[in-house]
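Order-wise, the sequence lines are chains D and P. Each position in the first sequence, counted from 1, maps to that position plus 1402 in the working numbering. Each position in the second sequence, counted from 1, maps to that position plus 1165 in the working numbering. Note that beta-carbon positions come from the ideal geometry of N, C-alpha and C, so glycine has one too. The block underneath contains the structure these notes are about, expressed in structure tokens.
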Amino acid sequence: MTVMRYREALNTALREEMRRDDAVMLMGEDIGVFNGAFKVTAGLLDEFGERRVRDTPISENTIVGMGVGAAMTGLRPVVELMTINFSLLAFDQIVNHAAHIRYMFGGQAKVPLVIRMPQGAGHQLGPTHSHCLEAMFLQVPGLLVAVPSTAADAKGLLKAAIRDDNPVIFIEHEYLYGQRGDVPDGEDHVADFGRAAIRREGGDATVVGISRMALTAEKAAEVLAAEHDVEAEVIDPRTLRPLDLDTILASVRKTNRCVIVEEGWPHGGVGANIAALVQEQAFDDLDAPVARVTGADLPMPYSKPLEQIAFPHEPQVVEAVLATFRDP
Amino acid sequence: MADRVIAAVEGQGDPAPRPLPEPAVAREWLEAMLLIRHFEERAGEMYAKAKIGGFLHLAIGEEATIVGAARAMRDADYLVSTYRSHGHALARGTSPNAVMAELFGRVDGCSRGRGGSMHMFDLERRFMGGYGIVGGNLPLAAGMSLAADYLDTGDATVCTFGDGASNQGTFGETMNLAALWRLPVVFMVTNNQFGMGTSLERHSAVTDLQRKGESFGVPGMRCDGMDVVDTHAVVSDALRVAREERRPTLVEAVTYRFRGHSMADPEEYRTKEQVETWRRRDPIATFGERLVAEGIVNGEDRDELDRRARARVDDAVAFADGSPFPEPTSLYDDVYVLGDQVQGWYSIDERSAGVHRGEDEG
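As structure tokens, this is what we get:
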């Protein structure tokens, strides 16, 4: 084990996979000479050169589309979009091509492409630069969606994403880049998609946290134990497609309560999806309605006090869990 | 107006036509164009009979742009097309049976009934797809040429698109990147004078389309898209530049579609006279006449080539009619590549009974 930051874990994953396989190459805005807007790709241009680490113009839709075309014809491109906000410019290539090419051409082609990008609010970047859009990608069949919340998962899941033959939407988080964690050493640390992590065991309530909200859920669980005598089980799905529903259901069958925490919008969100699945599959095990804690249903405001109340923090999660114990 | 474009095409360069290729090659080009023409006409009939659903965009009138470009390519080169892609598949050697079966939505279709008219594909022949989103195919083609360059295979890519696509953001973005990274790709704008029903001068401030890539570093060339020999020569030159000089070019093929944009097109945006003017330059009739005039074929040979093309299309219709529809149980096939991460189709969906949890069911 080595303690490293989330961004360093991503960097290690890229470095190891590029050393392992010449077909792995990187494209993105300012990933080379600038070392990446968030320094995830620091030093990779020096080690691998301009053939494999390509600074691109600001042309998100075309960068992603080129990644798709290159993936169809023998490469394993990793495209970095500077933030998830800019992925909206590339939605045509992501949905119509990356996700659908295999199916619409009858299985003749594959698209082993990874699109990496960070999301998240909290830096006063206002409405256009604070998005959490995992639910939009989750909706598209043909894509895999990863939302790592720890340094270990950042490395293990990115290595798995690069080795997979499907297009992977790899959603990082701006807040998490500086977080430290234990990361298994060596090239063999490859995490499984579709396997949730139980971050904290508990028998009283299940709390599912998505992306950064897995950390928020853990902190809330500590408050619940210390101040309210409630032992929450915290589950981090790690990937949304495939989703490890079995682990969530097993927990709900034990605790009989389920709260889902996400930073994105409520309507059609990840929580809405998981809530539907849980009530379909474990209705008789529930002692309270499935609850959601989500980002506010509005464009993210700039002003700090407004921004801070527009996405979930521990107190809201604590309150949502406690509410499942009250009579309706 | 269109007459101006005709004049521009007819007036450009050396007034003498380019020399014909070897007789066997010339005959094959004629036969390839005849196959596309008869295929498209029969497809139109089958659409009227409701054998074909969805959209159907025919390339009648544009055959020289297709065959001229395809015959300039090597077998290992990639061809990327648009939603008007039946002819490109046929020209690359995809069986008419497979293309017609795809139109019929049958299991033997070249995209196994998943794609339809707009999404033909044949990996083996490096026909890298028809694409339904206007301009969406340009970045894909650049990506394929990037892979060829990266792997140093020597393969080039030809990307066709219409005059309307030259207004998409991907056009400028892709021209810039292809020139910046010196990618071995030929962009071929098939200028058929209309973006659906909006004429060239009503949709593009610059109507001299070959110049539209210049400011991005992509030089232009123009060919007479009604002349298979001229198209072949210009695309061959562009491919040489792509392969040897590692530079992209933009080839404008000036042409005209004789039918509507799709089968649902009352054609109120153009006059019958304009259509007739262009029909007099029918690329198949003029090429056939030239082959007769230069003694490459006689009238009987020409009729025989025509009969053979019709017979292949008859066979294709019979084949498509006899091919089964895909099995309902195949609905979820090929959404994902199954492997370590995705061991079985993952979804909660009653239509995929029992196959939805990611357990190993592959």
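Between the CA atoms of residue j and residue i - distance to the nearest angstrom
i         : j         : result
Met1428/P : Phe1269/P : 15 Å
Thr1475/D : Gly1278/P : 23 Å
Arg1411/P : Tyr1243/P : 16 Å
Gln1333/P : Gly1360/P : 12 Å
Met1293/P : Ala1256/P : 13 Å
Val1478/P : Arg1445/P : 25 Å
Asp1314/P : Leu1503/P : 29 Å
Val1400/P : Met1340/P : 17 Å
Val1481/D : Gly1445/D : 17 Å
Phe1440/D : Gln1681/D : 39 Å
Glu1452/D : Ile1433/D : 11 Å
Ala1677/D : Ala1652/D : 14 Å
Asp1686/D : Ala1492/D : 42 Å
Pro1186/P : Phe1490/P : 43 Å
Gly1604/D : Lys1656/D : 9 Å
Leu1404/D : Pro1550/D : The sequence shown places Thr at residue 1404/D, not Leu. For Thr1404/D and Pro1550/D, the distance between alpha carbons rounds to 18 Å.
Buried versus exposed call for residue i [16 or more other C-beta atoms within 10 Å across all chains shown]
i         : result
Gln1506/P : buried
Ser1705/D : exposed
Gln1375/P : buried
Asp1273/P : buried
Glu1635/D : buried
Asp1468/P : exposed
Phe1539/P : The structure shown does not extend to residue 1539/P, since chain P is modelled only from 1166 to 1527, so the question has no answer here.
Asn1413/D : buried
Val1470/D : buried
Asp1486/P : exposed
Leu1199/P : buried
Val1435/D : exposed
Thr1726/D : buried
Glu1418/D : buried
Asp1447/P : buried
Lys1214/P : exposed
Val1190/P : exposed
Glu1228/P : buried
Beta bridge counterpart(s) of residue i as assigned by DSSP
i         : result
Arg1518/D : Glu1482/D, Phe1572/D
Ser1364/P : Phe1359/P
Thr1414/P : Val1351/P
Val1405/D : Asp1584/D
Leu1244/P : Phe1292/P, Val1323/P
Leu1546/D : Val1570/D
Glu1635/D : Thr1608/D
Asp1389/P : Val1419/P
Arg1475/P : DSSP, once it has assigned bridges, lists no residue as partnering Arg1475/P.
Ile1600/D : Ile1637/D
Met1265/P : DSSP, once it has assigned bridges, lists no residue as partnering Met1265/P.
Cβ-based neighbour list, residue i, same chain, cut-off 8 Å, excluding 5 preceding and 5 following
i         : result
Ala1712/D : Ala1523, Gly1697, Ala1698, Leu1700, Met1702, Pro1703
Met1285/P : Ser1246, Ser1250, His1251, His1253, Ala1254, Thr1259, Val1264, Glu1267, Cys1275, Ser1276, Phe1292, Gly1294, Gly1295
Asp1328/P : Val1354, Thr1355, Asn1356, Asn1357, Gln1358, Phe1359, Gly1360, Leu1365, His1368, Ser1369, Leu1374
Own chain residues within Cβ distance below 6 Å of residue i, not counting five before or after
i         : result
Met1166/P : At Met1166/P, the pLDDT of 36 sits below 50, so the modelled position is not reliable and the matter cannot be decided from this model.
His1426/P : Met1361
Thr1139/P : The requested residue 1139/P does not occur in the structure, where chain P is confined to residues 1166 to 1527.
Met1283/P : Tyr1248, Gly1295, Gly1297
Ala1398/P : Arg1183
Ala1623/D : Arg1602, Ala1634, Val1636
Val1632/D : Asp1606, Leu1626
Own chain residues within Cβ distance below 7 Å of residue i, not counting five before or after
i         : result
Lys1216/P : Phe1269
Pro1188/P : Ile1461
His1669/D : Asp1699
Leu1477/D : Ala1425, Met1427
Tyr1505/D : Gly1544
Val1457/P : Asn1463, Gly1464, Arg1467
Asp1331/P : This sequence places Ser at residue 1331/P; Asp is not what is there. Closer than 7 Å at Cβ, skipping near neighbours: Val1354, Ser1369, Leu1374, Lys1377.
**OP:** Take every Cβ of the segment 1372-1387 of chain P, pair it with every Cβ of the segment 1414-1421 of chain P, and state whether three or more of those distances are shorter than 8 Å.
**Re:** Contact between the segment 1372-1387 of chain P and the segment 1414-1421 of chain P is established, with three or more Cβ pairs separated by less than 8 Å.
Original post:
Quick check: the segment 1612-1627 of chain D against the segment 1646-1654 of chain D, are there 3 or more CB pairs under 8 Å?
Top reply: no
Original post:
Is there contact here, the segment 1508-1515 of chain D with the segment 1605-1612 of chain D, by at least three beta-carbon pairs under 8 Å?
Top reply: no
Original post:
Using 8 Å as the Cβ pair cut-off and three pairs as the minimum, do the segment 1566-1582 of chain D and the segment 1539-1548 of chain D touch?
Top reply: yes
**OP:** Please determine if the segment 1191-1205 of chain P and the segment 1228-1235 of chain P are in contact, where contact requires at least 3 C-beta pairs separated by less than 8 Å.
**Re:** Between the segment 1191-1205 of chain P and the segment 1228-1235 of chain P, the count of C-beta pairs closer than 8 Å reaches three or more; the two stretches touch.
Original post:
With contact counted as at least three CB pairs below 8 Å, one residue from each stretch, are the segment 1452-1470 of chain D and the segment 1423-1435 of chain D in contact?
Top reply: yes
Subject >> contact_flag[the segment 1525-1541 of chain D, the segment 1588-1607 of chain D] where n(CB pairs < 8 Å) is 3 or more >> reply: No, the segment 1525-1541 of chain D does not touch the segment 1588-1607 of chain D.
Original post:
Is the segment 1572-1584 of chain D in contact with the segment 1408-1419 of chain D, if contact means three or more CB pairs nearer than 8 Å?
Top reply: The segment 1572-1584 of chain D and the segment 1408-1419 of chain D touch, with no fewer than 3 CB-CB distances between them shorter than 8 Å.
Original post:
Of all the residues that make up the segment 1578-1595 of chain D, which are near chain B by a beta-carbon distance shorter than 9 Å?
Top reply: Of the protein chains in the structure, D and P, none is chain B.
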